[in-house]
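Q: Residue numbers (UniProt numbering): 1 to 252.
Quick reminder that beta carbons are idealized off the backbone N, C-alpha and C, glycines included.
This is the structure, below, for whatever I ask next.
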């Protein structure tokens with residue numbers, strides 16, 4: 001049985017280029033997890049993590065969301081041309097990220113941004129934060145924004161061919177911590193492909209280079225083609241990068 005929310009249900013109609021110390025530490029921990037095959041691939045790890053954070057969550061105004069890898073401030077210039085062609089956007093494994101909100105408040109012409117995560121507590125915290133920001137008129141949403149507690153493997157049951165643009169930022173990397181990453185990602189990508197409309201874009205923001213990622217991302221059954229790979233320099237370490245993989249789904 002889920003615990004009763006400590007905040008009223010909201011209704012909905014800036015960060016910097018440099019990672020904080022806590023974000024840098026998280027990135028290092030994820031790299032360790034991938035190399036040792038521990039932790040981040042386990043759903044129970046994430047449920048427990050967000051449950052613990054929720055227990056300490058008292059005031060949305062004083063709470064800071066967590067952003068994996070790259071801020072919207074950096075991603076916007078790379079995403080804009082794709083998002084400007086999109087009406088419905090899906091952000092998978094949103095956690096407590098503000099990315100979906102920042103997209104919704106920055107891009108004209110969209111009708112919906114849907115954020116999904118396995119943790120109801122993560123979603124409750126970010127919704128409370130956004131409602132607090134809206135009450136203080138920190139920004140204005142330009143389209144509907146929604147959140148949904150959902151298993152990523154089950155997307156084909158509720159959003160078949162629905163989204164023009166699907167984004168992942170760090171979630172797929174966490175799946176790669178598993179000893180059975182190939183099997184898990186095959187099931188996940190088939191689910192994502194089902195949710196993506198023909199000619200829609202699937203964008204993966206990853207910590208991994210092409211030689212250790214596209215072997216998992218490319219397969220005819222997914223019905224998408226690689227459009228480009230964008231390298232974004234990491235501000236902390238010279239000659240290291242985040243990688244943005246842009247895939248476009250075939251017409252048929």
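Quick one: complete beta strand (DSSP E) runs, 3+ long, within the UniProt domain "Methyltransferase" (85-228)?
A: Listed in chain order, the complete beta strand (DSSP E) runs (minimum 3 residues) inside the UniProt domain "Methyltransferase" (85-228) are 88-92, 112-117, 144-149, 163-169 and 196-206.
Q: Note down, in chain order, each residue of its chain lying with its Cβ closer than 8 Å to the Cβ of residue 175, except the 5 sequence neighbours on either side.
A: On the chain shown, residue 175 is found 175 positions in, with the first residue counted as 1. Once the five neighbours on either side are set aside, the close Cβ partners of residue 175 are 41, 181, 184, 185 and 188.
Q: Between the region 211-223 and the region 86-103, can you find at least three pairs of beta-carbon atoms closer than 8 Å?
A: No, the region 86-103 does not touch the region 211-223.
Q: Measure from the alpha carbon of residue 120 to the alpha carbon of each residue in 54, 70, 130 and 216, then state which is nearest.
A: Here residue 120 corresponds to residue number 120 of the chain shown, with the count starting at 1. Selected option, being the one with the closest Cα: 54.
Q: In the DSSP assignment, what residue or residues form a beta bridge with residue 249?
A: Position 249 of the chain shown, counting from 1, holds the residue named residue 249. In the DSSP output, where bridge partners are listed per residue, residue 249 has 224.
Q: Residue 229 and residue 70 - do their beta-carbons sit closer together than 8 Å?
A: To locate residue 70, count along the chain shown from 1; it is residue 70. To locate residue 229, count along the chain shown from 1; it is residue 229. No.
Q: Please identify the residue among 206, 161 and 215 whose C-alpha is closest to the C-alpha of residue 191.
A: Numbered from 1 along the chain shown, position 191 holds the residue referred to as residue 191. The candidate whose alpha carbon is nearest that of residue 191 is 161.
Q: Assuming residue 164 contacts residue 200 (C-beta within less than 8 Å), just tell me the rounded distance between them.
A: To locate residue 164, count along the chain shown from 1; it is residue 164. To locate residue 200, count along the chain shown from 1; it is residue 200. Going by Cβ atoms, the distance from residue 164 to residue 200 rounds to 5 Å, so yes, they are a contact pair.
Q: Would residue 159 and residue 195 qualify as a contact pair, given that the criterion is a beta-carbon distance under 8 Å?
A: Position 159 of the chain shown holds residue 159. Position 195 of the chain shown holds residue 195. Yes.
Q: Alpha carbon to alpha carbon, how far is residue 58 from residue 251? Give it in angstroms, no decimals.
A: Taking the chain shown and counting its residues from 1, one reaches residue 251 at position 251. Taking the chain shown and counting its residues from 1, one reaches residue 58 at position 58. Each residue's Cα considered, the two are about 47 Å apart.
Q: Can you give me the Cβ contacts of residue 167 inside the same chain, cut-off strictly under 6 Å, excluding the 5 residues immediately before and after it?
A: The residue labelled residue 167 in the question sits at position 167 within the chain shown. Counting only Cβ-Cβ distances below 6 Å, and skipping sequence neighbours, we find 91 and 203.
Q: In the DSSP assignment, find the unbroken alpha helix (DSSP H) run with residue 81 in it and report its ends.
A: Position 81 of the chain shown, counted from the start, is the residue given in the question as residue 81. Note, residue 81: alpha helix (DSSP H), 72-83.
Q: For the alpha helix (DSSP H) that contains residue 48, what are its first and last residues?
A: Translated into the one-based positions of the chain shown, residue 48 becomes position 48. Unbroken alpha helix (DSSP H) run through residue 48: 43-55.
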